[in-house]
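Quick notes on the structure that follows.
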Amino acid sequence: MLTHILVPLDGSAFSETAVKPALSLGEHSHAKVTLFTVMLRIPASRLHVPMYDQQSEEGGRHYLETIRAAQEEAPPVPIDIAVRLGTPAESIEAFAREAHADLIVMSTHGTTGTDRARPTLGSTAWKLMHHAPCPILLMPPDRTLEAS
Numbered sequence: 002m003l004t005h006i007l008v009p010l011d012g013s014a015f016s017e018t019a020v021k022p023a024l025s026l027g028e029h030s031h032a033k034v035t036l037f038t039v040m041l042r043i044p045a046s047r048l049h050v051p052m053y054d055q056q057s058e059e060g061g062r063h064y065l066e067t068i069r070a071a072q073e074e075a076p077p078v079p080i081d082i083a084v085r086l087g088t089p090a091e092s093i094e095a096f097a098r099e100a101h102a103d104l105i106v107m108s109t110h111g112t113t114g115t116d117r118a119r120p121t122l123g124s125t126a127w128k129l130m131h132h133a134p135c136p137i138l139l140m141p142p143d144r145t146l147e148a149s
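Residue numbering for the sequence shown follows this note's numbering, beginning at 2 and increasing consecutively.
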């Protein structure tokens, strides 16, 4: 039985195609859904500026709030949001463990879209397939998005 579904989003229309299927699964299994995004963090260095991290995190939170608000006609499912600073695959994996996610629902491709070198999976999906602490439901890209 599912109790917590994690939906990683990267700001791309590709990634957002996973939201509706995740909400539908959440409704049928009475699970909460967490919309999750990772804001890239500049590695600690002399140039590290804490204010940048705060602004980046606020931007991620605003993005997820916008996605959550757009789900007016979605099934009545509890939708949480979470933002982390770091690198995508590693941050998604760590959050899935911390939050005890039962399932990750994500698109096969995100901000980079599809390419000839790896037409079946994006790099984040590829890494998570090998390291995620729970099953992953991969949504194929909406080919109409590639044309726009």
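Beta carbons are placed, not taken as given, at the ideal position from N, Cα and C, and that holds for glycine. Small disclaimer: the values here were computed from a predicted structure and weren't measured.
- Pairwise C-beta distances place the stretch 102-111 in contact with the stretch 7-23, as three or more of them are shorter than 8 Å.
- By the C-beta density criterion, Ala102 is buried, having at least 16 other C-beta atoms within 10 angstroms.
- If you draw a 10 Å sphere on the C-beta of His5, you find 16 or more other C-beta atoms in it, and that means buried.
- Shown here, Thr38 sits in a strand according to DSSP, grouped into three states.
- Contact check between the stretch 18-30 and the stretch 85-101: fewer than three CB pairs, one atom from each, fall below 8 Å, which does not count as touching.
- Gly60 and Val39 have their C-alpha atoms some 11 Å from each other.
- A straight line joining the alpha-carbon of Val8 with that of Ile105 spans about 6 Å.
- In terms of Cβ geometry, Phe37 and Ala83 form a close pair [threshold 9 Å].
- A direct Cα-Cα distance of roughly 19 Å separates His132 from Leu86.
- In the DSSP assignment, the residues bridged to Ser108 are Met140.
- The Cβ atoms of Asp81 and Thr125 lie no closer than 9 Å to each other.
- Taken atom to atom, the span from the alpha-carbon of Leu138 to that of Glu73 is near 23 Å.
- DSSP places Pro89 in the helix class (H, G or I) of the three-state scheme.
- Cβ contact annotation for Ser57 (same chain, cutoff 6 Å, sequence separation greater than five): Met40, in chain order.
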